[in-house]
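Novice: In the numbering used here, the protein residues as written are 645 to 805.
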């Protein structure tokens with residue numbers, strides 16, 4: 645068994661997994677087909693491809709079922725190469741996105757940043773509460789002064805009549 649200490653990449657000292665952290669999948673590592681430069685993002689424009697990508701990218705779909713769905717789709721495609729490129733481009737985008745989200749869950753939080761944000765929240769809360777007290781004071785004092793002036797003016801008026 646490989647220990648975490650031996651598998652750790654010095655670039656990611658806080659990485660908790662035994663597997664090496666690879667932030668993104670390299671396209672060349674998983675695709676030996678025709679170049680995809682000309683179709684980047686175009687898979688989003690094809691509703692059929694988008695639905696198929698959603699289905700086969702879902703981890704609840706078995707690999708065998710996903711492979712069969714791809715085979716069935718490409719058998720009926722007018723241009724297998726263009727359809728295959730679109731399909732793979734979309735799968736790569738979607739699965740690489742899912743993978744990135746999973747990696748974020750395994751990455752320990754930046755404790756200094758967490759502490760800084762916590763302190764910032766405490767200060768903002770204190771400022772808010774202080775402002776609430778000041779607003780109450782600012783709003784009530786003029787009314788109290790009005791009442792006092794009215795009361796004193798009545799006293800003076802009664803005395804001089």
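Cβ coordinates follow ideal geometry from the N, Cα and C atoms, glycine included. Just so you know, these numbers come straight off a predicted model, no measurement behind them.
Using a 10 Å radius around the Cβ and a threshold of 16 neighbouring Cβ atoms, would you call residue 771 buried or exposed?
Specialist: Indexing the chain shown from 1 puts residue 771 at position 127. Under this definition residue 771 is an exposed residue.
Novice: Please go through the same chain and pick out, in chain order, the residues whose beta-carbon is closer than 7 Å to the beta-carbon of residue 725, but skip the five residues on each side of it.
Specialist: Position 81 of the chain shown, counted from the start, is the residue given in the question as residue 725. Within the same chain, residue 725 has close Cβ partners 678.
Novice: Consult DSSP for residue 696 and reduce its assignment to one of helix, strand or coil.
Specialist: Locating residue 696 in the chain shown gives position 52, counting from the first residue. Residue 696 falls in the helix class under three-state DSSP.
Novice: Nearest to residue 743 by CA position, among 682, 708, 666 and 672, is which residue?
Specialist: Working through the chain shown from its first residue, we reach residue 743 at position 99. Comparing Cα-Cα distances from residue 743 to each of 682, 708, 666 and 672, the minimum goes to 666.
Novice: Where residue 765 and residue 753 are concerned, what is the direct C-alpha to C-alpha distance, given to the nearest angstrom?
Specialist: Residue 765 sits at position 121 when you count from the first residue of the chain shown. Residue 753 sits at position 109 when you count from the first residue of the chain shown. Roughly 17 Å separates the two Cα atoms.
Novice: Locate the alpha helix (DSSP H) running through residue 670, then write down its first and last residues.
Specialist: Working through the chain shown from its first residue, we reach residue 670 at position 26. Unbroken run through residue 670: none, as it is neither H nor E.
Novice: Classify residue 670: buried if its beta carbon has 16 or more other beta carbons within 10 angstroms, exposed otherwise.
Specialist: Against the chain shown, residue 670 aligns to sequence position 26. The residue in question, residue 670, is exposed, as its Cβ has fewer than 16 Cβ neighbours within 10 Å.
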